[in-house]
Amino acid sequence: KNEVEQSPQNLTAQEGEFITINCSYSVGISALHWLQQHPGGGIVSLFMLSSGKKKHGRLIATINIQEKHSSLHITASHPRDSAVYICALRQGAQKLVFGQGTRLTINP
Amino acid sequence: SAVISQKPSRDICQRGTSLTIQCQVDSQVTMMFWYRQQPGQSLTLIATANQGSEATYESGFVIDKFPISRPNLTFSTLTVSNMSPEDSSIYLCSADLAGAGAFFGQGTRLTVV
């Protein structure tokens, strides 16, 4: 079993829809990162969470440490949100462990 | 936050040649990381580069194939040596800022022909 599992692997939605991407993990962590990767390959760090909830614009990230689960939500989705979203775990000062990513496509 | 400038953004190389990828961070960072992302796959850590010491390589990656330099706290290079088509991937550098999380370069899309 992978240490981090993302779902769904692929998601297609219409512009304006509310999007949820899930990340479950099986190990203790010091922080969880949500990353966005566009087709060119560059990665942008969206959130770093160790507890609770964070919001930035239309993006919301939550984490439940007891349940070992995190979600990334996008409100009022837009075609420019189309990207691969990656959940990554950090254990202490160790390297990041990456999920397989969720490919999101928002159609106009 | 931090900005990491990575270059080149893409290259097409002949097999048997080498390519050096550069990453410049706009802040001083202790550790920098080099990742490979093969088509359709997630990121795989190649090595961790600390200033003033040899890089630490992950299982399956060796210094002769992926030599790394870390001359100061803001700069690192990764060389992909004696390339073959199997080396065609996206290569990314990354750095951590305490309390601010992980930051990534723009990636280098390498195609070996």
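Which chain is which? The protein sequence lines are A and B, in order.
The C-terminal position of the first sequence is numbered 108 in my numbering, with every residue numbered one higher than the one before it.
The C-terminal position of the second sequence is numbered 221 in my numbering, with every residue numbered one higher than the one before it.
Quick reminder that beta carbons are idealized off the backbone N, C-alpha and C, glycines included.
- Counted as a single uninterrupted DSSP element, the beta strand (DSSP E) harbouring I60(A) occupies residues 59 to 64.
- Under a criterion of Cβ atoms nearer than 9 Å, the residues of chain A adjacent to T156(B) are, in order, K95.
- In the displayed model, D81(A) falls within a helix according to three-state DSSP.
- Around the CB of G215(B), 16 or more other CB atoms lie within 10 Å, so the residue is classed as buried.
- The beta carbon of H38(A) sits closer than 6 Å to the beta carbons of A83 from its chain, once the five residues preceding and following it are set aside; these are given in chain order.
- The C-beta distance from T128(B) to T187(B) rounds to 5 Å, short enough to meet the 8 Å contact threshold.
- For P179(B), the secondary structure class from DSSP, reduced to helix, strand or coil, is strand.
- Of the candidates S50(A), Q9(A), Q14(A), the residue whose Cα lies closest to the Cα of I63(A) is S50(A).
- For a Cβ distance threshold of 7 Å, residue set S150 of chain B lies close to Q100(A), ordered along the chain.
- In terms of Cβ geometry, Q91(A) and G28(A) form a close pair [threshold 8 Å].
- In this chain, the beta strand (DSSP E) harbouring N158(B) covers 152 to 158.
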